Amino acid sequence: DSGVTQTPKHLITATGQRVTLRCSPRSGDLSVYWYQQSLDQGLQFLIQYYNGEERAKGNILERFSAQQFPDLHSELNLSSLELGDSALYFCASSLGTSGIATQYFGPGTRLTVL
Amino acid sequence: DQQVKQNSPSLSVQEGRISILNCDYTNSMFDYFLWYKKYPAEGPTFLISISSIKDKNEDGRFTVFLNKSAKHLSLHIVPSQPGDSAVYFCAAKDSGGYQKVTFGTGTKLQVIP
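Taken in order, these protein sequences are the chains called A and B. Mapping of the first sequence onto the numbering used here: residues 13 to 126, in sequence order. Mapping of the second sequence onto the numbering used here: residues 2 to 114, in sequence order.
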């Protein structure tokens, strides 16, 4: 158990809908990262937050947004969903934002868009 | 553009033998490399890492080798155990980024008892 929790575990929705994925980092970790893993793809970095502020952005679509709240949990919002958004979404956390801090991953949320 | 490549989607090894997982990268700005292991229905877990100023890092049965000139790294597992059966992701951190880590597509290792 990494100490990172993600809810829900599974989510099935329809095209055009909007969903929110939730992540609670390990106790004491200030950084949260979001990744997307599509079929046969590696983990694609989406976005990082550190202590409530956006720190780095990857290949995140404009239809996607995220935020980190004062209690350090984070939410990833996906809107106008398309079939291609079906994927595993992982959240990870780390203590700081220095270059070599180990990231601890949650179990992921499997999103299926029908 | 896949900057971190794991060209072998899968690998089968007999228990007790050596497993060698390979990874190639294209971005010369990468300065830190990591290996993660992932079991089904779980998130990836950190396994071992290496800084670009080193060419080898060892942790128990796991050793990572880095060849900067070839932009190649490998993970050696000796001896391989059935519990090592998992998907292994190679990852690299950009020296210019806060913490942006680029992952490969993974290699599924099966250790046969």
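Note that CB positions come from ideal geometry on N, CA and C, so glycine has one too. For clarity, every value in this text was computed on a predicted model and none was experimentally measured.
- For Ser-50 (chain A), no beta strand (DSSP E) encloses it, and the DSSP letter there is neither H nor E.
- For a Cβ distance threshold of 8 Å, residue set Gly-44, Thr-46 of chain B lies close to Ser-14 (chain A), ordered along the chain.
- Exposure of Lys-57 (chain B) is indicated by the presence of fewer than 16 other C-beta atoms within 10 angstroms of its C-beta.
- Inter-residue distance for Gln-79 (chain A) and Leu-42 (chain A) is about 13 Å (C-alpha atoms, whole angstroms).
- For the pair of segments examined, the segment 28-38 of chain B was found not to touch the segment 79-91 of chain A: the number of CB pairs separated by less than 8 Å stays below three.
- If you draw a straight line from the Cα of Tyr-26 (chain B) to the Cα of Val-44 (chain A), it comes to about 25 Å.
- Secondary structure note for Lys-109 (chain B): its beta strand (DSSP E) is the uninterrupted segment 108-113.
- For Ala-99 (chain A), none of the residues of chain B pass the 9 Å Cβ criterion, the least Cβ distance being about 14 Å.
- Contacts between Gly-105 (chain B) and chain A, judged by CB atoms closer than 8 Å, involve Gly-54 in chain order.
- For Lys-72 (chain B), no beta strand (DSSP E) encloses it, and the DSSP letter there is neither H nor E.
- With the rule of 3 Cβ pairs closer than 8 Å, the segment 116-123 of chain A counts as touching the segment 36-48 of chain B.
- Around the beta carbon of Thr-103 (chain B), 16 or more other beta carbons sit within 10 angstroms, so the residue counts as buried.
- According to DSSP, Ser-77 (chain A) shares a beta bridge with A:Asn-89.
- Rounded to the nearest angstrom, the gap between the Cα atoms of Thr-17 (chain A) and Gln-49 (chain A) is 17 Å.
- Taking 8 Å as the threshold, the shortest C-beta distance from Phe-76 (chain A) to chain B does not fall below it.
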